[in-house]
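Colleague: First residue of the sequence shown: 519, per our numbering; consecutive thereafter. Where is the CB? At the ideal position from N, CA and C, for every residue including glycine. Would you mind keeping the following structure in view while I ask a few things?
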Amino acid sequence: MPSNSREKTGRNDPCPCGSGRKHKHCCLKAAAAEDSPWQRQRVASDRLTDDLLAFARRKFGQDFLEAWDDFNQTPFPAPYEQTEGEAQIFLPYYLFDWERPTRRRGARPRAGVVGRSFLERFGGSLSELEELIFTQATTQPVSFYEVLRSEPGESLVLRDLLIGGDTTVVERSASGMLLPGDIVYAQIWRLPEVNALGRLAPIPFPPRNKVEIVQWRAKLRKRIARQNRELAAADVLRCAEETRALYLQLRDVRHLPPRLSNTDGDPLVFHTLTFQVGSAQVAFDALAPLAWVHSKEELFEEAEVDPDGVLCGVEIEWTKPGNKKFKTWDNTILGRLKISGRSLVATVNSKERAATIRGEIERRLGILAVHLSTVAQTPEELMKDRELRGEARSAEAEESDLLRDPAVREEVEAQMQALVESWVYEKIPVLGGRSPIEAVADPDGREIVEALLLDMERQHGRGTGLGTIRPDIDAVRRLLNLVPALA
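Have a look at this one:
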């Protein structure tokens, strides 16, 4: 039947598909995309991968789990079928890189045993583009890249954190999920008219993981220091196993639950210690000095007394001057003591503090204090317990109500801003014990500090309650003479 073909339809004419939109905004764009360099490489790549997988199943199927062990660099990795998404970084390794142990003693061939065998059998039937893709898959290093910019559904601008250089890659899917500052373990294929991601690990890493990558880069640079040159792709290829070991380490740490600690660095485990005491007054007289911030008279003003003025109950904040982690803090709350009649309950947030406060109570009260029990709860157990009692929601509501008061909010904002700005002068382990203001003096330290600030910005941008108060991280950047982040 005669019809208006796409070639004969003008860009501004109604689209022949009947959508009512202009041709340039409808099928013309789709037709161009179908024949784009990115689409052509995608089709060729998918075809090559399917053929390689079919060949590998027939000839090397019995070696699949051995390759999985080698990829993970352990004889007992998590079962392959339980690692969601890991196929997209493992299968290229299996098809293009994996080598049997007997061949690892000499110089490494360009391709692994699967790819090499496939080329010997079917290399003559590959298209020119498929041959080029195979070459890129076996000669380009798998490296760590930082996302500089993202055009969702279109492209990514990536910076190679090991050998340097920025590359724009066409990427339809990941560009919609990755954020500037994210770090990916990937391989870039440089093909005619288009750069594309040949491999991409399923887990993007947050900016704070740039620390480990910069440290690995420093080691690589040290290895070639005598050659008076910059790191090159060949150096990263030679160290592919070690670079993958770093990826595996970062990946496995991401799967671990976060390690929560108090300001002393002790693991966060909430302890409730219960004692029977001789009397409320005796216990108060002995334990009031533990409240470093408040005098005994101030504590008594808030106490509960009977009509005859006899002490019935009182709460004591166990405090100490200064803070080990935050040098600008005047004091640290270590725990709380609640006296009610002949009952004394102490609550603290670590095993170490529990041992200390029990020792203090028994030393100060002697035989007048009898330890009845100690109950320990992890943060997860405590939160679950609070949710069952409906306390978690009420605490969030109370915090939210407090922050509606402009004066309270202003004070909390000022305290939080002072806290993040004091970070500039703290000694940070990942900076080699230097403070950020010292570390920015050298390029690697500056790069790590900028990554930590970006991560801090992200952390404060999440959550509810106090999480809605976001400190000005650009003010910290200005203190460090760093360029403020782009909006």
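1. Mark F594 as exposed unless 16 or more other C-beta atoms lie within 10 angstroms of its C-beta, in which case mark it buried.
2. For F578, is the classification buried or exposed, using 16 other Cβ atoms within 10 angstroms of its Cβ as the cut-off for buried?
3. What is the C-beta distance between A798 and G859, in whole angstroms, given that I count them as a contact (C-beta under 8 Å)?
4. Tell me where the beta strand (DSSP E) around R988 begins and ends.
5. Between which two residues does the alpha helix (DSSP H) harbouring T567 extend?
6. Excluding the 5 residues preceding and the 5 following Q794 in the sequence, name in chain order all residues of the same chain whose CB lies nearer than 8 Å to its CB.
7. Less than 7 Å separating the Cβ of S643 from some heavy atom of the ligand ADP?
8. For W836, count neighbouring Cβ atoms within 10 angstroms of its own Cβ and tell me buried if that reaches 16, exposed if not.
9. Residues in its own chain within less than 8 Å of Q658 by CB, not counting five upstream and five downstream?
10. Hey, could you find the ends of the beta strand (DSSP E) V754 is sitting in?
11. Can you tell me which of the three DSSP states V665 falls into?
12. Pull the bridge partners of Y703 from the DSSP assignment, please.
13. Kindly indicate the opening and closing residues of the beta strand (DSSP E) around L674.
14. Return the first residue and the last residue of the beta strand (DSSP E) that W836 is part of.
15. State the CB to CB distance for the pair V787 and S668, rounded to an integer number of angstroms; the pair is presumed to be in contact (CB under 8 Å).
16. According to the Cβ coordinates, are F614 and G633 closer than 8 Å?
17. Once you ignore the five residues that flank R726 on each side, which residues in its own chain have a CB closer than 8 Å to its CB?
18. Taking Cβ positions, are A801 and L883 nearer each other than 8 Å?
19. Is I966 buried or exposed, if buried means 16 or more other CB atoms sit within 10 Å of its CB?
20. With a threshold of 8 Å between beta-carbons, can Q559 be considered close to chain D, or not?
21. Is it right to say T850 is buried, meaning 16 or more other beta carbons lie within 10 angstroms of its own, or is it exposed?
22. Enumerate in chain order the residues of its own chain whose CB-to-CB distance from R996 is below 6 Å, with the five nearest sequence positions on each side excluded.
23. How big is the Cα-Cα spacing for K542 and R690?
24. CA-CA distance, F589 and P897?
25. Can you give, in chain order, each stretch of the alpha helix (DSSP H) that sits fully within the region 751-821 and has at least 4 residues?
26. From the DSSP output, in three-state form, read off T653 for me.
27. Using a Cβ-Cβ cutoff of less than 8 Å, which residues in the same chain neighbour L566 once the five nearest sequence positions on both sides are dropped?
28. Taking D587 as part of the alpha helix (DSSP H), name the residues at either end of that continuous run.
29. Can you give me the Cβ contacts of G678 inside the same chain, cut-off strictly under 7 Å, excluding the 5 residues immediately before and after it?
30. Using the three-state DSSP reduction, which class does G682 fall into: helix, strand or coil?
31. Between the alpha carbons of W847 and N746, how many angstroms are there, rounded?
32. Does DSSP classify T865 as helix, strand or coil?
33. In the structure shown, what three-state DSSP assignment does I885 receive?
34. To which residues does DSSP link K856 through a beta bridge?
35. Identify which residue in L791, L738 and L774 has its Cα closest to the Cα of E759.
36. Taking the straight line between their C-alpha atoms, what separation do you get for A692 and P670?
Modeller: Looking at the atomic coordinates:
1. exposed
2. buried
3. 6 Å
4. Per DSSP, R988 belongs to no beta strand (DSSP E) and is neither H nor E.
5. P555 to F578
6. R860, S861, L862, A887, V888 and L890
7. As for the ligand ADP, it is missing from this structure, which has no ligand bound.
8. buried
9. Leaving aside the five residues that flank Q658 on each side, the residues in its chain whose CB is nearer than 8 Å to its CB run, in chain order, Q705, I706, W707, R708, G716 and A751.
10. Run containing V754: none in the beta strand (DSSP E); it sits in the alpha helix (DSSP H), A751 to R756.
11. strand
12. F662
13. S673 to D678
14. L829 to P839
15. About 40 Å; that fails the 8 Å criterion.
16. yes
17. Within the same chain, R726 has close Cβ partners A969, L970 and D973.
18. yes
19. buried
20. Judged by its chain identifiers, the structure shown contains no chain D, having just a single protein chain.
21. Sixteen is the threshold: when 16 or more other Cβ atoms of the shown chains lie within 10 Å of the Cβ of T850, as they do, the residue is buried.
22. none
23. Low per-residue confidence applies at K542: pLDDT is 49, beneath 50, and the placement is therefore not dependable enough to give any value.
24. 35 Å
25. 751-756, 758-773, 798-805 and 814-819
26. helix
27. L644, E648, I651 and F652
28. F582 to N590
29. The sequence given here has Asp at residue 678, not Gly. Closer than 7 Å at the Cβ level, and outside the excluded window around D678, lie S661 and Y663.
30. coil
31. 47 Å
32. Of the three classes helix, strand and coil, the one that applies to T865 here is strand, per DSSP.
33. helix
34. E833 and V863
35. L738
36. 8 Å
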